[in-house]
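> Using our numbering, you'd call the opening residue of the sequence shown number 27 and step up by one each time. Submitted below is the structure of interest, expressed as structure tokens.
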Amino acid sequence: PFVAPEVLAGVRYDPSLSDTWAAGVVLLEMICGINKLPEMLKWGSAAIPSSARANDLMMYFSTPQRMLQDIGEDLGEFRGGLDVLLSGVLRVPPEDRWTS
């Protein structure tokens with residue numbers, strides 16, 4: 027689940043931007059618990075990387091509000107700009123993603 031959507035989709039990608047995505051997923055799981063991303067996407071804990079998963083990621087993360095709402099259910103309140111950080115590193119278009 028740490029693989030960026032563009033990597034799963036099999037398109038040309040910038041490794042540093044895909045690493046930024048992976049770091050965002052690691053942060054998400056550190057804060058909310060292991061397998062939070064598969065849970066949010068209703069994949070189950072044994073999700074296998076595929077191009078279909080890329081589409082799921084693109085649709086889910088195309089609007090950060092959905093992600094933030096799901097995370098907010100675990101955290102209650104975002105502190106210290108965590109919502110801004112997660113929204114910045116988990117952006118679907120790699121060119122819009124914060125750099126590492």
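Don't be surprised by glycine CBs; every beta carbon is placed ideally from N, CA and C.
Does the beta-carbon of Glu121 have 16 or more other beta-carbons within 10 angstroms, so that it is buried, or is it exposed?
Label assigned to Glu121: exposed.
> What did DSSP end up calling Asp28 once you bin it into helix, strand or coil?
Here residue 28 turns out to be Phe, not Asp, going by the sequence shown. In the structure shown, Phe28 sits in coil (DSSP, three-state: anything other than H, G, I, E or B).
> Under a Cβ-count criterion, where at least 16 other Cβ atoms within 10 Å of its own Cβ denotes burial, should Pro31 be classed as buried or exposed?
That one is buried.
> Return the chain-ordered list of same chain residues with a C-beta closer than 7 Å to the C-beta of Gly36, the five sequence neighbours on each side being excluded.
Answer for Gly36: Ser77, listed in chain order.
> Could you compute how far the alpha carbon of Gly106 sits from the alpha carbon of Asn61?
The straight-line gap from Cα to Cα measures roughly 23 Å.
> Looking at C-alpha atoms only, which residue of Asp45, Met66 and Arg79 is the closest neighbour of Gln91?
Nearest C-alpha to Gln91: Met66.
> Give a yes or no on whether the C-beta atoms belonging to Leu21 and Gly50 are separated by under 8 Å.
Since the first and last residues shown for the chain are 27 and 126, residue 21 lies out of range.
> Mapping the DSSP letters down to three states, classify Pro119 as helix, strand or coil.
Coil.
> Buried or exposed: which applies to Val33, given that a residue is buried once 16 or more other Cβ atoms fall within 10 Å of its Cβ?
Result: buried.
> When DSSP labels each residue in this structure, what does Gly98 get in the three-state scheme?
Correct three-state label for Gly98: helix.
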